[in-house]
Each structure stands twice: as C-alpha cells, then as structure tokens.
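Numbering (the working numbering), first residue to last: 18 to 574. Where a beta carbon is used, it is the ideal one built from N, C-alpha and C, also for glycine. As structure tokens, the structure follows; a few thoughts come after it.
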C-alpha cells in the first residue's frame with residue numbers, strides 16, 4: 018500500500034512536540050486577559066484576513082512564544098509539501114488508493130489535471146439541467162413544470178447540500194428544495210405529504226446506488242409517484258441520479274442522460290461542489306452555485322500560497338492542535354450567529370469527526386496522542402439559552418468559534434444589531450467572566466443581605482479565561498460561504514498531516530452497516546417462521562425479540 022505522504026521528512030517532529038509541551042507546562046493556565054495589557058499589539062499580532070474572512074484569534078491561550086513554536090510544528094510536519102501533494106493529484110488517501118481532488122471541482126489550483134476536463138464536461142451538463150428545470154422546460158408526467166425538488170441521500174450526499182441550501186435562503190429561486198435522509202419512514206412520509214406528485218422532481222444521490230437508506234427512500238418515492246400517475250405512465254422525467262453506478266441507476270428507472278457521475282477522488286463529505294450539489298444549484302440558480310465554487314477556489318489559492326503564519330486554515334488547525342494536545346480540550350463548539358447557518362455545526366461535525374476521528378496513524382500504528390475533538394454547536398442566539406451555561410461555568414473549558422456576518426439580508430436591522438452584539442457579548446463574557454468580588458457587589462447593590470450575598474455569590478461566578486476566536490465577514494453570500502467551507506475543509510487536512518493520520522477514509526462506519534444487514538436478514542427469517550441461524554449478544558437478542566413481539570401485537574389489532 019503506497020503512501021505518497023511517506024516522503025514527508027518529519028524526523029524532527031518529536032523534538033518540536035516536546036518543546037511545545039515544555040512551553041505549555043511553563044505557561045500553565047495562561048491569563049489571556051492579562052496578555053492584552055502586556056502586548057498592545059496583540060490584536061494585530063493575532064488577526065488575519067483572506068477572501069473577505071477576518072479571523073481574530075487573540076482570545077486563544079497563546080503567546081508569541083507558543084505561536085512561534087506552533088508555526089514551527091507545521092513547518093516541521095511539512096504541511097506545505099503535503100498541500101502540494103494533495104493539489105497535484107497524489108493518491109494521499111492511501112488506504113483506498115485514491116486521489117483527493119475536491120479542489121478541482123471549484124476551478125482548482127492545478128488546472129492541468131486530467132480530471133479538470135471531466136469536471137468541465139459534467140458542469141456543462143449540470144448547468145443545462147438546472148436551467149431547464151428552473152425555466153419549466155423539463156416537466157413531469159402531467160406536463161406541468163416542477164415546483165418542488167426532493168434530494169434523497171445520506172451523509173455527505175445530504176449534510177452539505179442541505180446546509181448550503183438553507184444558508185443561501187436569500188438567494189433561492191422559485192422552486193422549493195427538500196431533503197430526505199433518514200430511513201425512518203416518517204422522514205419521507207412527512208415530506209411527501211406537502212407535495213404534488215405531478216410537480217415533484219427527485220434527485221437520488223448515492224455513489225454506489227446500493228446505500229440502504231437511500232434506496233429504501235427512493236423506492237418509496239417511486240411508489241408514491243406511480244400511485245398518482247398510474248402504472249402505464251413513465252416516471253423517468255421525475256428522477257435524476259448522482260452515482261458512479263450507472264447500471265444500477267438505469268435499472269431503477271433513471272434515464273442514462275439524467276445520471277451524473279461521482280468520482281472516487283471526491284469523498285462524500287467533500288462532495289457538495291460536485292453533482293451532489295445539484296439541489297443547491299436548483300435552489301439558488303447556476304450563477305450563484307458558481308459563486309459558491311469560486312469563493313472556495315479563492316480559499317484554495319490562499320491555502321496553497323500563503324505563508325504558514327498568515328494561512329487561515331493552518332492557523333485554525335494549529336489552534337486546534339494547541340487546545341487538544343497541550344491544553345486537554347476534548348470538544349469544540351461552533352457558534353454561527355446567522356440563523357441561515359444553523360446546519361453548519363452538523364456539517365462541520367461530519368467533516369471533522371469522520372475525517373480525523375481515527376486511532377492509528379498513516380502506517381497503521383496507534384496514535385501517540387489525542388486527535389479529533391467532539392464538534393458541536395448551534396446558531397446564536399439559540400445556544401445562549403441552552404448549552405452556553407456549560408461554556409461559561411462548566412468544569413472543562415471548550416474552545417469556541419464565533420462566526421458572524423456584519424450585515425443581514427433582511428430589513429429588520431435592529432434585530433441584526435441585537436444578534437451581532439450578543440455574539441460580541443458572549444465572546445467577551447467567556448474571556449472576562451465575573452469574579453467573586455463582582456458577583457458579591459452586584460448582589461449587595463441589589464439589596465441582598467450580607468448572609469444572602471455570601472451564600473449566592475459563588476453561584477454567580479464565571480471563571481472566564483475561556484478561549485474563543487471570531488470569524489467575521491460582510492454578508493453570507495455564495496462566495497463568502499464557499500470560502501468559509503473551504504477554510505474548514507483545509508483546516509481538517511492540516512490537522513491530519515500534523516497528527517499523521519488519513520483524513521479521507523472512514524472505515525469506522527462500515528462495521529455497523531454490516532451488522533445491520535445481518536440483523537435485518539435474521540429478522541426476515543424469523544418473521545417467515547424460518548429458524549434463525551444467527552446468535553447475537555443478549556442485549557441485541559432482547560431488542561430483536563421486542564421488535565418481533567410488538568409487530569405481532571400490532572398485527573393482532
């Protein structure tokens with residue numbers, strides 16, 4: 018199994034890790050607030066800007082000394098060389114023998130790649146389809162124009178397109194786009210209940226066209242259409258497929274001209290720039306989809322060319338490395354102060370945890386240190402009324418990313434001002450907190466007795482000194498959103514290089530699928546009265562028997 022990244026010369030990494038550990042130990046629990054007093058240039062020292070995104074990381078627990086050592090870590094890990102390998106088409110997903118070329122989908126920094134020709138051809142076909150649907154030229158069995166599009170997919174075929182489609186709501190055209198991912202029948206049934214079969218187009222997104230959840234939902238959609246159209250009516254115009262398995266898609270009933278390829282050099286969680294992004298393009302129009310890709314392409318250029326100390330993805334990665342490996346952070350909060358970005362935390366959760374949630378290095382040996390944190394979050398200000406309590410007073414500090422546009426697409430300017438000021442306030446509260454003396458004074462000023470002040474004040478203390486960063490920009494446009502997504506994609510890759518793991522496979526998701534098939538087949542046998550030949554653990558058997566018993570009760574009613 019050939020690994021192109023084995024050529025990286027990282028022999029000096031252990032020494033740099035040791036130096037970082039020494040700095041962290043000497044630094045102790047750094048008083049971040051005091052650093053602003055000691056260094057009048059701290060804001061400019063720890064603020065960078067690229068592609069319209071302004072990154073202020075001055076509220077992280079770093080000093081010029083620790084930051085210099087972190088930059089040295091990235092240099093010693095040969096991050097620039099790894100970036101070159103990825104962008105030039107080396108098969109850096111070595112466990113699957115695959116290239117990693119999602120950047121080629123958005124213009125790419127290396128337009129000489131042979132894959133770029135394929136991308137251009139497919140994009141031309143996609144543009145034609147999008148325009149024909151939006152103009153009402155492609156119709157369903159009744160001859161009416163489509164009014165709704167349902168994307169059927171799961172994982173990377175759902176999270177990215179769904180997140181971007183909602184994020185760009187102000188740019189929506191006249192068609193409504195829906196997303197169905199869960200095999201739970203409620204997801205499909207509840208979605209179809211809103212729709213007219215004659216004017217609904219389905220996109221089936223599955224690389225292999227064998228994904229259990231996706232095929233189950235696709236068959237349900239097919240049955241729903243057939244019931245409305247009649248058995249003699251062709252339904253081919255109602256289906257588009259995005260898949261590498263053309264034969265399976267045709268067998269399902271999708272015309273070959275309505276099948277768009279997926280390539281093995283694009284991982285699912287990096288695929289929204291490909292034909293998987295078709296629902297985005299239909300939602301916002303082809304030009305806006307192009308702008309999304311161009312914004313990502315601009316971040317690719319920045320990533321490929323900017324020095325390590327000015328490179329936004331590298332900076333985000335090094336802050337993650339410092340927080341996890343030197344300060345012991347186990348989770349990471351993503352807090353977009355833009356309701357349209359409410360699905361961004363879930364998208365970044367998959368992007369980060371499916372990529373870097375690994376226990377062995379690229380050579381298959383156990384990792385010698387912690388890697389990926391748990392990523393979670395919600396849109397502000399909603400999170401302030403649920404989990405921000407833990408951020409402020411929990412026993413484990415959680416690094417937080419505040420993401421905030423300065424302008425709103427909506428006319429309620431005063432509400433947007435409240436939104437942005439809440440973002441500022443939360444970041445400031447995490448940093449400064451509230452001391453026991455301040456809490457006691459507030460209670461005393463409010464008229465509490467000395468006894469009550471003494472009893473209540475400790476409960477109102479916020480320790481502060483909690484690390485956070487802010488990514489701010491003008492407005493959530495397709496271009497800015499593309500840059501923001503690419504920023505986090507590249508951050509994940511840099512962390513994987515420094516940790517020495519493969520960010521582009523996901524072997525951990527396979528076992529559950531295999532066992533699920535085994536259990537399903539066993540249930541089918543027992544339903545048919547055939548003695549089962551599989552023995553599961555007692556807990557699984559108990560659940561299996563409970564399911565079968567509940568079905569018997571339901572059938573008897």
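Thinking just about the alpha-carbon of each residue, which of the options is nearest to the one in residue i?
{"i": "residue 159", "options": "260, 170, 255, 134", "result": "255"}
{"i": "residue 415", "options": "428, 422, 427, 392", "result": "392"}
{"i": "residue 184", "options": "203, 370, 499", "result": "499"}
{"i": "residue 374", "options": "387, 313, 380, 317", "result": "387"}
{"i": "residue 406", "options": "436, 443, 419, 424", "result": "443"}
{"i": "residue 288", "options": "174, 326, 327", "result": "174"}
{"i": "residue 261", "options": "245, 483, 292, 250", "result": "292"}
{"i": "residue 362", "options": "336, 136, 28, 419", "result": "419"}
{"i": "residue 399", "options": "121, 504, 49, 356", "result": "356"}
{"i": "residue 324", "options": "344, 91, 75, 34", "result": "91"}
{"i": "residue 33", "options": "549, 342, 372, 150", "result": "342"}
{"i": "residue 521", "options": "439, 463, 551, 370", "result": "370"}
{"i": "residue 97", "options": "269, 82, 133, 317", "result": "317"}
{"i": "residue 335", "options": "94, 269, 186", "result": "94"}
{"i": "residue 46", "options": "481, 54, 121", "result": "481"}
Quick check: the Cα distance between residue i and residue j, rounded to an integer number of angstroms?
{"i": "residue 479", "j": "residue 354", "result": "22 Å"}
{"i": "residue 401", "j": "residue 85", "result": "34 Å"}
{"i": "residue 496", "j": "residue 315", "result": "9 Å"}
{"i": "residue 384", "j": "residue 518", "result": "8 Å"}
{"i": "residue 118", "j": "residue 22", "result": "15 Å"}
{"i": "residue 276", "j": "residue 223", "result": "11 Å"}
{"i": "residue 346", "j": "residue 78", "result": "12 Å"}
{"i": "residue 359", "j": "residue 573", "result": "44 Å"}
{"i": "residue 139", "j": "residue 215", "result": "28 Å"}
{"i": "residue 524", "j": "residue 542", "result": "29 Å"}
{"i": "residue 257", "j": "residue 526", "result": "27 Å"}
{"i": "residue 197", "j": "residue 295", "result": "15 Å"}
{"i": "residue 65", "j": "residue 143", "result": "36 Å"}
{"i": "residue 333", "j": "residue 352", "result": "15 Å"}
{"i": "residue 213", "j": "residue 164", "result": "8 Å"}
{"i": "residue 427", "j": "residue 441", "result": "20 Å"}
{"i": "residue 378", "j": "residue 509", "result": "15 Å"}
{"i": "residue 493", "j": "residue 311", "result": "14 Å"}
{"i": "residue 282", "j": "residue 105", "result": "12 Å"}
{"i": "residue 538", "j": "residue 157", "result": "37 Å"}
{"i": "residue 61", "j": "residue 432", "result": "30 Å"}
{"i": "residue 466", "j": "residue 458", "result": "11 Å"}
Where DSSP assigns a beta bridge to residue i, which residues make up the other side?
{"i": "residue 422", "result": "490"}
{"i": "residue 543", "result": "According to DSSP, residue 543 bridges with nothing at all."}
{"i": "residue 156", "result": "162"}
{"i": "residue 276", "result": "258"}
{"i": "residue 383", "result": "377"}
{"i": "residue 167", "result": "195, 219"}
{"i": "residue 485", "result": "417"}
Can you name the start and end residues of the alpha helix (DSSP H) that residue i belongs to?
{"i": "residue 434", "result": "430–449"}
{"i": "residue 525", "result": "Looking at the DSSP string, residue 525 is not in any alpha helix (DSSP H), and its letter there is neither H nor E."}
{"i": "residue 150", "result": "132–151"}
{"i": "residue 564", "result": "555–573"}
{"i": "residue 394", "result": "It is not in any alpha helix (DSSP H) - residue 394 instead sits in the beta strand (DSSP E) that spans 391–394."}
{"i": "residue 496", "result": "495–516"}
{"i": "residue 338", "result": "329–338"}
{"i": "residue 398", "result": "Residue 398 -> no alpha helix (DSSP H), and no H or E assigned at all."}
{"i": "residue 37", "result": "30–44"}
State the DSSP-derived secondary structure class of residue i, mapped to helix, strand or coil.
{"i": "residue 248", "result": "coil"}
{"i": "residue 349", "result": "strand"}
{"i": "residue 466", "result": "coil"}
{"i": "residue 270", "result": "coil"}
{"i": "residue 114", "result": "coil"}
{"i": "residue 477", "result": "helix"}
{"i": "residue 217", "result": "strand"}
{"i": "residue 71", "result": "strand"}
{"i": "residue 291", "result": "coil"}
{"i": "residue 417", "result": "strand"}
{"i": "residue 307", "result": "helix"}
{"i": "residue 354", "result": "coil"}
{"i": "residue 231", "result": "helix"}
{"i": "residue 182", "result": "helix"}
{"i": "residue 51", "result": "helix"}
{"i": "residue 224", "result": "coil"}
{"i": "residue 404", "result": "coil"}
How far does the beta strand (DSSP E) with residue i in it reach, from first residue to last?
{"i": "residue 64", "result": "64–67"}
{"i": "residue 195", "result": "193–197"}
{"i": "residue 124", "result": "From DSSP, residue 124 is part of no beta strand (DSSP E); its letter is neither H nor E."}
State yes or no: is the beta carbon of residue i nearer than 8 Å to at least one beta carbon in chain D?
{"i": "residue 161", "result": "The structure shown contains no chain D, having only a single protein chain."}
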